[in-house]
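Comments concern the structure below.
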């Protein structure tokens, strides 16, 4: 019985999250992140640099005792970096129990985009950011590029982690 | 059914796995003893029989039929051996059978742990055991012994035949210890234990398994049984009292027309009076752990949470007491109170740490099995010597150590120890020796794995490394130590042929990784034909260290205090540069290399002259060197937090950072990896 109830609650929760995206801006472009990955949004924090990481990994922040790496999405998408200001935000996403902070210019709103309004991204294989885009969402105030959170830690990167973990298990 | 079982009887399942795992370890120990002494004693046989019997009972109750079948057949085997008092056994074959059973059961248990069905096929193993039983039966044909049949159902499994005219009827009421749990299973086990000597059993509660209230009823009214037996009253009473978790027994002999009239005896036996017995029992029987009321077992997760919490408290404490807002105020009472708080926190921390410390002994003893199997497989003759088993290490570290140790032992036997002929030819003791040792050196534990095998071959290692493009220096420039460290690189394996145990090329680098994961490091020493020694140095505990904060530009680094020898301002006349421009400093007639932190971490700092900043001399196990920083900020206890998983894909770990710490003002400080820096930059 209780299990059934729990399941129901879970389904409901998923329902309320489905099709809902948190949108943020990089310059003029609007991106959307599936809300279920987002755990919180914080203002820019003091960042501690870490040696020997790619330039888009800015370092680590202390989020109430939890240490979280932060990525500058601008740099990741090969855009011009800008100075952080009071509008700059860190979106903390949680994928497979791994928390990562995304530094973006500013966070706009949460929108609902129906599945029918999402079209697959144009298939330029060369585009840098296209690799991370799952679809293009249409809503009344313009199009939004919907990001694939899993791919944001790019395929190869995620694979690396998996490999490390796998190898760790094999010994 | 089984699904429901898994969902609704978690505690039962957990108990089952806990007990079975412990039994397996115990069994393994007995077996290794038997092999070591090359004899089997009555005690051994009884123990194995008892263990098999218990697992058979509990597993059939948990509906793990394959486990119950295999234990049943092994039980039959040992029953035969016990009853016929056979000692001229083929011990190798016997222990092989038991070992494969242990493996089988452990594997099935691991499946259950992962939430899968234990679906392994036991039939091959069972038939092997049967074959063996048949073969000893043929050797000892004088007297037929009736083996218990495998009863499919759990009720009324005790045969109602064989009612002997000499048997008397008994009524027994048994109470189990208060917190033994699974009373219905205990009752079932008890019945099984007695199955050989009692008959015409009826008991309440009738249905031990399908009746959900059975356990409660037993707690309430005791387990009541009526049965017939040929044994006399005292013997039965003893047997019942000896049953696992039995708290008290009331046994009554019923006057029976079949039996000659005898005085009705009624006794209540309290086990409390027989402390001596209980102690013996506790030594023999790991399940009686619960008997010792002073020990509780706690879920590790709770311990981890407690540890985290204590860590947060330590941070918060410095946030409060070192708060910048009160920094320049004279607050006598506040200072007094905060000193008190600090003292209490330290005590709390020590206690929590000590709870988490467990002895390394069991981890070491598991290696006996590896050595045994490898000896067999590779036809080598090696013995394992263990010392320092009472050394205590943090639970988390122990957990990570098992696999690497196993791998290193395998390597030693596979690559290190020579074959017997080779050893004789070399004039060595024909028995190879691998020793495992653990020493506590204050801040660290050093684990040494030493073999007296052929040692590492410098030329071969170099050749292999250059073939795999792993060389970064020209071979002539490399010290032996550097050459030996090559085997720790990914994709390096010296053994030409791959064996079942090692040499798959994924070995040592993974060992190194897992040791590093807990903040340790590996050193290899080796001498040709004398042997190889591998030293693993690991911190006693992961969580909290004393650190010295030093600043470089805007960044604050933490240096573990136990690595710091001294700190000082440099004098111009002591500074030297070698021909390649590397900076050194002369202190008390010794020359030490200087590592500029702002250079290795690419930081902007205003103090770029060695004369302006401060030098901190740190020591590693090989050498001492000086770190150049802007200034020393002070000492602080810090909670070590691992570098986030996402960053592990980059080479952060090798860059000289051991972890992170959160400072009193909520800033993050990187904890320097002193030996890592030395390896990389000197």
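Chains as they are written, first to last, in my numbering: chain A, 1 to 171; chain S, 1001 to 1682.
All C-beta atoms in this analysis are idealised placements derived from N, C-alpha and C, irrespective of residue type, glycine included.
Between residue i and chain S, is any beta-carbon pair separated by less than 7 angstroms?
i	result
residue 70 of chain A	no
residue 51 of chain A	yes
residue 27 of chain A	no
residue 60 of chain A	yes
residue 166 of chain A	Residue confidence for residue 166 of chain A is low, a pLDDT of 49 falling below 50, so the modelled location carries little weight; the figure read from the coordinates is stated next. False, the Cβ-Cβ gap to chain S never drops below 7 angstroms.
residue 43 of chain A	no
residue 48 of chain A	yes
residue 133 of chain A	no
residue 100 of chain A	yes
residue 67 of chain A	yes
Do residue i and the ligand FMN come close, with the Cβ less than 6 angstroms from some heavy atom?
i	result
residue 102 of chain A	Of the ligands one can find in the structure shown there are none, so the ligand FMN has no counterpart to examine.
Would residue i pass as a contact of residue j if the rule is Cβ separation under 7 angstroms?
i	j	result
residue 1171 of chain S	residue 1122 of chain S	no
residue 1453 of chain S	residue 1531 of chain S	yes
residue 1628 of chain S	residue 1591 of chain S	no
residue 1067 of chain S	residue 1129 of chain S	no
residue 1456 of chain S	residue 1412 of chain S	no
residue 1565 of chain S	residue 1617 of chain S	yes
residue 1524 of chain S	residue 1512 of chain S	no
residue 144 of chain A	residue 135 of chain A	no
residue 1027 of chain S	residue 1051 of chain S	yes
residue 26 of chain A	residue 105 of chain A	yes
residue 1074 of chain S	residue 1101 of chain S	yes
Quick check: is the beta carbon of residue i nearer than 7 angstroms to any beta carbon in chain A?
i	result
residue 1449 of chain S	no
residue 1601 of chain S	yes
residue 1316 of chain S	no
residue 1363 of chain S	no
residue 1655 of chain S	yes
residue 1501 of chain S	Model confidence at residue 1501 of chain S stands at a pLDDT of 45, short of 50, so the residue's coordinates are unreliable and nothing is read from them.
residue 1102 of chain S	no
residue 1645 of chain S	yes
residue 1321 of chain S	no
residue 1651 of chain S	yes
residue 1660 of chain S	yes
residue 1666 of chain S	yes
residue 1516 of chain S	no
residue 1641 of chain S	yes
residue 1606 of chain S	no
residue 1253 of chain S	no
residue 1312 of chain S	yes
Determine the DSSP secondary structure at residue i, reduced to helix, strand or coil.
i	result
residue 1242 of chain S	helix
residue 1022 of chain S	helix
residue 20 of chain A	strand
residue 1679 of chain S	helix
residue 1282 of chain S	The predicted model places residue 1282 of chain S with a pLDDT of 42, which falls under 50 and marks its position as unreliable, so this point remains unresolved.
residue 1521 of chain S	strand
residue 1739 of chain S	Residue 1739 of chain S lies beyond the range of chain S shown here (1001 to 1682); nothing can be said about it.
residue 1438 of chain S	strand
residue 35 of chain A	helix
residue 1399 of chain S	helix
residue 1214 of chain S	helix
residue 1132 of chain S	helix
residue 1444 of chain S	strand
residue 1204 of chain S	strand
residue 1391 of chain S	coil
residue 1288 of chain S	In this predicted model, residue 1288 of chain S has a pLDDT of only 41, less than 50, meaning its place in the structure is not dependable; the value taken from the coordinates is given anyway. Residue 1288 of chain S: helix per DSSP, three-state reduction.
residue 1266 of chain S	Confidence is the limiting factor: at residue 1266 of chain S the pLDDT is only 40, short of 50, which leaves the residue's position unreliable and the question unanswerable from this model.
residue 1533 of chain S	strand
residue 1585 of chain S	strand
Using a Cβ-Cβ cutoff of less than 7 angstroms, which residues in the same chain neighbour residue i once the five nearest sequence positions on both sides are dropped?
i	result
residue 1099 of chain S	1031
residue 1313 of chain S	1345
residue 1113 of chain S	1017
Leaving out five residues before and five after residue i in sequence, what residues of the same chain have Cβ atoms less than 6 angstroms from its Cβ?
i	result
residue 81 of chain A	74 and 75
residue 1439 of chain S	1388 and 1446
residue 1081 of chain S	1045
residue 1059 of chain S	1067 and 1068
Quick one: what's got a C-beta closer than 8 angstroms to residue i's C-beta in the same chain, skipping five residues either side?
i	result
residue 1430 of chain S	1381, 1420, 1423 and 1424
Kindly provide the ranges of any alpha helix (DSSP H) runs that are 4 or more residues long and lie completely inside the stretch 1050-1093 of chain S, ordered along the chain.
1065-1084
Would you mind listing the beta strand (DSSP E) stretches within the stretch 26-114 of chain A that are 3+ residues and don't spill past its ends, in chain order?
29-34, 38-43, 57-63, 66-72, 89-95, 98-104 and 106-112
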